[in-house]
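Undergrad:
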Amino acid sequence: MYVKSPYPEPPALPEVNAHYVFFKRPDQAEWPNFTIHVDAESGERVMFRDFASQVQDFATGLGAPRSQGGMGIKAEDKEIIGIMAENSSEYITAVHACIYLATPFALLSSYSTPFELKHALTLSKATRVFADAKYLKTLLPVAKAAGLSSDKIHVLRPAGKDGKGAAEAKGRKSLRSIVEGVRKKGIKTVDIRPATKTTLAYLVFSSGTSGLPKGSWKRQLFLCLSILANNLFISPSSPAAVMISHGNLIYSVGQAMVMAQVMALVHTPPPPANPEGVPVTLAFLPLHHTYGLHSYCFRNLLAPHTLVLMPQWDVNVALRCIPQYKVSSLALIPSVVHQLVNHPAIEKIDFSSVQFMGSGAAYLPPELGAKMAKLLPTDAQVTEGYGMSECTIAAITQPLNGMLGGKLKQIPGCTGVLLPGMEARVVRDDGTEADVNEPGELWLRSPNVALGYWNNPKANKETFVDGWLHTGDKFRVDENGNFWFADRAKDTLKVSGAQVSPVEIENCLLDQPDKLIIDATVAGVSGGRTSDEKVPRAWVVLSAEGKARGVAEVVKTLDDWHKTHLSKYKHLRGGIEVVDLIPKSPTGKVLRRVLQDKYEKELKKGKVKGKL
1 MYVKSPYPEP PALPEVNAHY VFFKRPDQAE WPNFTIHVDA ESGERVMFRD
51 FASQVQDFAT GLGAPRSQGG MGIKAEDKEI IGIMAENSSE YITAVHACIY
101 LATPFALLSS YSTPFELKHA LTLSKATRVF ADAKYLKTLL PVAKAAGLSS
151 DKIHVLRPAG KDGKGAAEAK GRKSLRSIVE GVRKKGIKTV DIRPATKTTL
201 AYLVFSSGTS GLPKGSWKRQ LFLCLSILAN NLFISPSSPA AVMISHGNLI
251 YSVGQAMVMA QVMALVHTPP PPANPEGVPV TLAFLPLHHT YGLHSYCFRN
301 LLAPHTLVLM PQWDVNVALR CIPQYKVSSL ALIPSVVHQL VNHPAIEKID
351 FSSVQFMGSG AAYLPPELGA KMAKLLPTDA QVTEGYGMSE CTIAAITQPL
401 NGMLGGKLKQ IPGCTGVLLP GMEARVVRDD GTEADVNEPG ELWLRSPNVA
451 LGYWNNPKAN KETFVDGWLH TGDKFRVDEN GNFWFADRAK DTLKVSGAQV
501 SPVEIENCLL DQPDKLIIDA TVAGVSGGRT SDEKVPRAWV VLSAEGKARG
551 VAEVVKTLDD WHKTHLSKYK HLRGGIEVVD LIPKSPTGKV LRRVLQDKYE
601 KELKKGKVKG KL
């Protein structure tokens with residue numbers, strides 16, 4: 001089945017360095033000098049013009065010739081700058097300085113184990129790394145093992161009050177010292193380096209033109225861009241480095257422009273509640289992930305916007321910041337939604353400033369989304385969408401009711417429609433086109449689809465085929481072009497020759513009317529009729545009601561429930577196990593492998609628990 005986006009095509013934007021789009025637009029001359037970043041821990045504020053100057057000066061310090069006091073970095077020397085840090089204004093500065101210089105950067109997870117970090121350094125071929133001081137103790141020996149000399153390791157953020165990393169950071173170049181050096185020495189500002197649509201911008205690791213009503217268009221644009229940035233279900237991708245170009249970034253901006261204009265025709269948000277009158281986003285998603293990177297580094301620069309930057313997720317800090325800074329936009333992930341709605345103090349938190357909530361990174365059960373929505377003002381927008389690193393950020397998003405002259409509407413449980421300029425095919429396992437409402441693998445085509453995988457011809461051959469991105473995710477499309485998520489193709493099980501969707505079983509368990517659980521995941525484990533056949537097993541987290549009833553009663557109730565509502569071949573032959581927490585990555589992806597490996601080890605030892 002072939003589907004094309006119902007929206008107008010994105011405008012033709014110039015083939016230039018993406019920095020021009022983020023910092024050199026004519027409309028920015030009218031912007032006030034607003035607070036662009038707030039550190040959630042210290043309360044330190046960074047103003048927009050100071051931030052723009054810091055980006056320019058840091059780029060100059062990196063790119064100016066050594067003879068002038070700079071570091072002489074340029075893409076022609078095959079430089080790739082790794083960034084390993086927590087969320088901070090410095091991190092965002094580094095990202096934009098690299099774009100300014102048309103020098104690729106590689107997003108290194110601050111959660112990496114030494115093994116994972118060595119793999120990332122080796123795969124990305126990073127020639128130097130800027131890291132928070134607190135990570136240097138881990139980074140330095142790994143960098144040495146990967147062949148990266150110590151003098152190529154620099155400091156992004158200095159050591160904090162605890163002094164962690166201070167010794168390792170001593171004597172090293174840092175963002176702060178480089179910027180100060182440029183200003184003290186009066187080094188001439190380097191020019192913005194040229195870039196084409198295929199110029200590599202970064203590597204990320206994957207585990208109506210005048211339709212804006214006058215006078216209020218800025219407020220409308222604020223919310224529209226927040227919606228587009230924050231409502232994405234980012235699909236987990238293969239363990240490869242995805243290449244995103246300047247052209248990909250610019251096309252993504254064009255998509256945002258179209259969406260902003262179309263949304264503004266049907267929704268006028270109230271003025272933001274903070275004193276400066278600009279929207280405020282709670283920025284906790286890790287910047288090394290596509291979802292956080294675009295939400296906080298790129299989309300927030302399309303209109304004045306304040307980010308309250310949380311170095312790491314802390315539910316208590318978040319609940320303090322939301323009323324303190326009058327947060328208007330919440331970009332959440334399902335695991336965080338779980339924490340929020342089940343927090344003992346949640347009913348006491350003032351969410352009155354929140355205009356928008358989006359959930360992404362993983363599938364959000366409708367019941368959980370509804371529970372979170374009840375905490376927000378009645379006129380707040382709550383949406384989801386779908387994207388992945390391989391299509392820069394977004395592919396599908398839920399529309400607002402009434403968009404495109406009433407042709408589109410938001411449907412509960414529906415992922416949405418294709419973003420402007422995108423084409424899709426839904427394909428059966430045998431490569432033929434699926435019918436209307438028939439699940440199949442989603443293929444995507446658009447200028448925002450990535451260049452491919454870095455130094456991985458095998459993965460490129462399998463994933464980027466004849467101009468189509470094979471996502472590995474299964475969707476069905478109804479007669480109106482609405483996309484409905486069916487499953488992650490790679491997680492689909494085959495039981496007795498029939499396909500079994502873990503998502504379907506998870507939804508069934510979460511739909512049990514007594515609400516005995518707050519989270520569930522399903523994966524395949526040993527126990528099939530053949531050595532290679534897997535059977536479904538569930539891991540669940542009890543609600544307060546479930547804990548009151550006890551493990552045995554909950555397991556029996558869920559077993560009876562799912563057997564009544566699902567076909568026999570979908571039954572949990574691997575059993576049901578109660579756990580304290582479903583392991584998830586920082587971006588909300590369920591780490592099924594952790595649960596599967598633990599089960600298999602216990603099975604060998606004869607210690608399996610919770611199996612019926």
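Everything in the sequence shown is counted per the UniProt record's numbering, starting at 1 for the first residue and increasing by one.
Idealized CB from N, CA, C, for every residue including glycine.
#1: Could you name the residues that DSSP lists as bridge partners for I518?
#2: With a 10 Å radius around its C-beta and 16 neighbouring C-beta atoms as the bar for buried, classify D27 as buried or exposed.
#3: Between the C-alpha atoms of A52 and Q261, what's the straight-line distance to the nearest angstrom?
#4: Please report the Cβ distance between V417 and F483, rounded to the nearest whole angstrom; I am assuming they are in contact, meaning their Cβ atoms lie under 8 Å.
#5: Based on Cα-Cα distance, which residue from R537, K134, K570 and V16 lies nearest to E600?
#6: Can you give the beta carbon distance from A85 to V317, rounded, assuming they're within the 8 Å contact cut?
#7: Which residues mark the beginning and the end of the alpha helix (DSSP H) in which S329 is found?
#8: Of all the options S501, W454 and P447, which has the alpha carbon lying nearest to the alpha carbon of D473?
#9: Can you tell which of G82, S42 and L451 has the C-alpha that lies nearest to the C-alpha of K152?
#10: In chain order, which beta strand (DSSP E) runs of at least 3 residues are fully inside the UniProt domain "AMP-binding enzyme C-terminal" (504-589)?
#11: Could you have a look at K374 and say whether DSSP puts it in helix, strand or coil?
#12: Per DSSP, what are the beta-bridge partners of A59 in this structure?
#13: Considering only the alpha carbon of each residue, which of I349, K185, V495 and I396 lies closest to L375?
#14: With DSSP collapsed to three states, give me the class of M1.
#15: Would you mind reading off the limits of the alpha helix (DSSP H) that contains residue 615?
#16: Which residues in the same chain have their Cβ closer than 6 Å to the Cβ of K173, if we skip the five residues on either side of it in sequence?
#17: CB A106 to CB L249, shorter than 8 Å?
#18: Can V449 and M1 be called in contact, C-beta distance under 8 Å?
#19: With distance defined between alpha-carbon atoms, name the residue in M357, M71, T392 and K409 nearest to P6.
#20: Pick out whichever of E390, D430, P412 and C391 has its Cα sitting closest to the Cα of L400.
#21: For chain C, check one thing: does any of its Cβ atoms lie closer than 8 Å to the Cβ of A538?
#22: If you drop the 5 nearest sequence neighbours on each side, which residues of the same chain put their C-beta closer than 7 Å to that of A29?
#23: If you count every other CB in all the chains shown that lies within 10 Å of the CB of E577, and 16 or more means buried, which is it?
#24: Report the residue from Y569, Y251, A64 and G247 whose alpha carbon sits nearest the alpha carbon of G186.
#25: Would the segment 427-445 count as touching the segment 270-289 if we require 3 or more Cβ pairs under 8 Å?
#26: What are the partner residues of S174, as DSSP defines its beta bridges?
#27: Determine, using beta-carbon pairs with one atom in the segment 334-345 and one in the segment 66-81, whether at least three such pairs fall under 8 Å.
#28: Under the DSSP definition of a beta bridge, which residues are partnered with F485?
#29: First and last residue of the alpha helix (DSSP H) that includes T463?
#30: Counting along the chain, where does the beta strand (DSSP E) carrying Y386 start and finish?
#31: Taking all protein chains shown into account, do 16 or more other C-beta atoms lie within 10 angstroms of the C-beta of N231, making it buried, or fewer, making it exposed?
#32: What residues in its chain sit with their C-beta under 6 Å from that of P10, if we drop five residues either side in the sequence?
#33: Leaving out the 5 sequence neighbours to the left and right, which residues in its chain are closer than 6 Å to A75 when beta-carbon positions are compared?
#34: How far does the alpha helix (DSSP H) with M263 in it extend, from its first residue to its last?
#35: Buried or exposed, going by whether 16 or more other CB atoms sit within 10 Å of the CB of P213?
#36: If we call anything under 8 Å between Cβ atoms a contact, is P14 one with G247?
TA: In this structure, then:
#1: Taking the first residue of the sequence shown as 1, we reach residue 518 at position 518. DSSP output for I518 lists no bridge partner at all.
#2: In the sequence shown, residue 27 corresponds to position 27, counting from 1. Per the 10 Å Cβ criterion, exposed.
#3: Numbered from its first residue, the sequence shown carries residue 52 at position 52. Numbered from its first residue, the sequence shown carries residue 261 at position 261. Rounded to whole angstroms, A52 to Q261 spans 26 Å at the Cα level.
#4: Position 417 of the sequence shown, counting from 1, holds the residue named residue 417. Position 483 of the sequence shown, counting from 1, holds the residue named residue 483. Yes, they are in contact, since the Cβ atoms of V417 and F483 sit about 7 Å apart, within 8 Å.
#5: Stepping through the sequence shown from its first residue, residue 600 is reached at position 600. For E600, the nearest C-alpha among the options comes from R537.
#6: Translated into positions along the sequence shown, residue 85 becomes position 85. Translated into positions along the sequence shown, residue 317 becomes position 317. Actually they are not in contact, since the Cβ atoms of A85 and V317 sit about 18 Å apart, beyond 8 Å.
#7: Locating residue 329 in the sequence shown gives position 329, counting from the first residue. Taken as a continuous stretch (DSSP letters only), S329 belongs to no alpha helix (DSSP H), being part of the beta strand (DSSP E) at S329 to L332.
#8: On the sequence shown, position 473 is the one that residue 473 refers to. Comparing Cα positions, the closest option is S501.
#9: Counting from 1 along the sequence shown, the entry for residue 152 is found at position 152. Here the closest residue by C-alpha is G82.
#10: 517-526, 534-542 and 576-578
#11: Within the sequence shown, numbered from 1, the residue matching residue 374 stands at position 374. Here K374 sits in coil by DSSP.
#12: What you label residue 59 is simply residue 59 of the sequence shown in a count that begins at 1. Partner(s): none; A59 has no beta bridge.
#13: Within the sequence shown, the letter at position 375 stands for residue 375. Of the candidates I349, K185, V495 and I396, the residue whose Cα lies closest to the Cα of L375 is I349.
#14: Position 1 of the sequence shown, counting from 1, holds the residue named residue 1. DSSP, reduced to helix, strand and coil, places M1 outside both helices and strands of the structure shown, so it counts as coil.
#15: The question about residue 615 has no answer here: the residues shown for the chain are numbered 1 through 612.
#16: In the sequence shown, counting from the first residue as 1, residue 173 sits at position 173. Correct list, in chain order: H154.
#17: Indexing the sequence shown from 1 puts residue 106 at position 106. Indexing the sequence shown from 1 puts residue 249 at position 249. No, Cβ-Cβ distance for A106 and L249 is not below 8 Å.
#18: Translated into positions along the sequence shown, residue 449 becomes position 449. Translated into positions along the sequence shown, residue 1 becomes position 1. Result no, Cβ atoms of V449 and M1 do not sit closer than 8 Å.
#19: Taking the first residue of the sequence shown as position 1, residue 6 is located at position 6. Closest option to P6, Cα to Cα, is K409.
#20: Within the sequence shown, the letter at position 400 stands for residue 400. If we check each option's Cα against that of L400, P412 comes out closest.
#21: The chain inventory of the structure shown lacks chain C, comprising one protein chain alone.
#22: Here the question's residue 29 lines up with position 29 in the sequence shown. For A29, where only same-chain residues beyond five positions count, there are no Cβ hits under 7 Å.
#23: In the sequence shown, the residue the question calls residue 577 occupies position 577. The residue in question, E577, is buried, as its Cβ has 16 or more Cβ neighbours within 10 Å.
#24: Within the sequence shown, the letter at position 186 stands for residue 186. With distances taken between Cα atoms, G186 lies closest to A64.
#25: Fewer than three Cβ pairs drawn from the segment 427-445 and the segment 270-289 lie within less than 8 Å of each other, which leaves the two stretches out of contact.
#26: For the purposes of this step, residue 174 is taken as residue 174 along the sequence shown, with counting starting at 1. Partner(s): V155.
#27: no
#28: One-based indexing of the sequence shown puts residue 485 at position 485. Answer by DSSP bridge pairing, in chain order: F475.
#29: The residue labelled residue 463 in the question sits at position 463 within the sequence shown. Start and end: P457 to T463.
#30: On the sequence shown, residue 386 is found 386 positions in, with the first residue counted as 1. First-last of the beta strand (DSSP E) with Y386: Q381 to G387.
#31: The residue given as residue 231 occupies position 231 in the sequence shown. Per-residue confidence for N231 stands at a pLDDT of 48, beneath the threshold of 50, marking its modelled position as unreliable; the derived number appears in the next sentence. Its Cβ being crowded by 16 or more others within 10 Å, N231 is buried.
#32: Within the sequence shown, residue 10 is the residue found at index 10, counting from 1. Correct list, in chain order: G254, Q255, V258, P420 and G421.
#33: The residue you call residue 75 lines up with position 75 of the sequence shown. Within the same chain, A75 has close Cβ partners A102 and T103.
#34: Translated into positions along the sequence shown, residue 263 becomes position 263. Looking at the DSSP string, the run of the alpha helix (DSSP H) that includes M263 is H246 to A264.
#35: Numbered from its first residue, the sequence shown carries residue 213 at position 213. In this prediction, P213 scores a pLDDT of 26, lower than 50, which makes its location untrustworthy; the coordinate-derived value is nonetheless stated afterwards. It is exposed - the Cβ of P213 has fewer than 16 other Cβ atoms within 10 Å.
#36: If you number the sequence shown from 1, residue 14 lands on position 14. If you number the sequence shown from 1, residue 247 lands on position 247. For P14 and G247, no; Cβs fall outside 8 Å.
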